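Some notes on the structure that comes next.
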Amino acid sequence: MFLFEQKLERYIEASKDLLAVEGIDEVLHYFRHDEYEMAFEGLLIELTNIRKYPSNFDYSEWKELGEHYRLDKEVVFDNSIWEKFIYWGKSYSGNSLN
Numbered sequence: 540m541f542l543f544e545q546k547l548e549r550y551i552e553a554s555k556d557l558l559a560v561e562g563i564d565e566v567l568h569y570f571r572h573d574e575y576e577m578a579f580e581g582l583l584i585e586l587t588n589i590r591k592y593p594s595n596f597d598y599s600e601w602k603e604l605g606e607h608y609r610l611d612k613e614v615v616f617d618n619s620i621w622e623k624f625i626y627w628g629k630s631y632s633g634n635s636l637n
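Letter by letter, the sequence shown follows residues 540 to 637 of our numbering.
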């Protein structure tokens with residue numbers, strides 16, 4: 540597994556306790572089928588919808604991963620997810636772990 544996929548796997552793990560079972564199951568489905576872009580987009584959708592942050596959230600690292608998967612250029616599920624992610628990420632205060 541490559542570095543970016545390892546990061547994504549860690550982000551999914553850290554988000555499990557925050558998300559509904561259905562949401563995390565969908566994210567894991569795409570991850571297990573090597574659809575990493577779709578898995579990360581799904582994870583961003585779930586987290587931005589509930590406005591919570593996993594304990595390992597680092598905006599610049601998450602942004603780098605999104606750019607690696609080209610979510611700033613092309614998405615599948617939500618055409619405005621990149622803008623939502625930017626707003627959500629920049630709203631992170633650092634002391635809001637859930």
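The C-beta atom is built at its ideal place from N, Cα and C for all residues, glycine as well.
These numbers come from a predicted model, not from an experiment.
- One Cα belongs to F624, the other to F541, and the distance between them is close to 23 Å.
- For E580 against V614, the beta-carbon gap comes to about 6 Å, under 8 Å, which counts as contact.
- Positions of the alpha helix (DSSP H) runs, each at least 4 residues long and wholly inside the stretch 574-622, are given as 575-589, 598-607 in order along the chain.
- Measuring C-alpha to C-alpha distances from F596 to each of H607, Y608, L582 identifies L582 as the nearest.
- The beta carbon of K602 lies closer than 7 Å to those of G628 in the same chain, with the five residues before and after it left out.
- Under the three-state reduction of DSSP, A553 is assigned to helix.
- Taking C-beta atoms under 8 Å as the contact rule, L557 and K591 qualify, at a distance of about 5 Å.
- F616 sits exposed, since fewer than 16 C-beta atoms from the chains shown fall within 10 Å of its C-beta.
- Apart from sequence neighbours up to five positions away, the residues of its chain that approach L604 with a beta-carbon distance below 7 Å are F543, K546, L547, F579, ordered along the chain.
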